[in-house]
Amino acid sequence: MEKIASFTIDHDVLVPGLYVSRVDMGDIITYDLRFKRPNDGHPLDAAAAHTVEHIFATYLRSSEIRDKVVYFGPMGCLTGFYMILKGATHGEAIKAVKDAALFTANYDGEIPGGRKCECGNYRMHDLPGAKRECGAYYLAIRNNSEKDLSYPVQ
């Protein structure tokens, strides 16, 4: 099998941030929202990540870029999330991620899609954990601009 692009990134030098993971068909961009340093023994808690997914995705799909959102979901390694946008500028993506992180960090309400009839694992949520993780992530990216979207190199 061929090595996929995301496995060619040197995870030993990867730090929390917002990165362009790949560009497909010209205007479909996958962003790497890296919340945690890989392999440091402190991944996202699954329940907190699940809650981040629900709130962040709902926020994005209700935001100014709602028609450009293709996907938002967690990485299997629990060090962050992938966001896929179609036709959005990097500036729009950066603003949306900062706004969604800050919104989630300050969220105090019912978890969107968090009821049994709406969610496949409705008991596995952690709102305080999601707020804590998004607060820390916002602090990590609050000053980011388009120049910060490239993966770090060794």
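In this text, residue positions in the sequence shown follow my numbering: the first is 15, and each later residue adds one. We treat Cβ as the ideally placed atom computed from N, Cα and C, and that holds for glycine.
Buried or exposed by the 16-neighbour rule on C-beta atoms within 10 Å, applied to residue i
i    : result
R80  : exposed
C148 : buried
I18  : exposed
T22  : exposed
Proximity winner among the options, relative to residue i (alpha-carbon distances)
i    : options            : result
R156 : A60, L92, L47, A71 : L47
F117 : Y33, S76, K50, F21 : S76
Y45  : K130, I108, P126   : I108
Under the three-state DSSP convention, the category residue i falls into
i    : result
L141 : helix
G94  : strand
R75  : coil
Residue i vs residue j beta-carbon contact at 8 Å
i    : j    : result
L28  : P52  : yes
D41  : G101 : yes
V84  : I98  : yes
Y152 : A119 : yes
H139 : T72  : no
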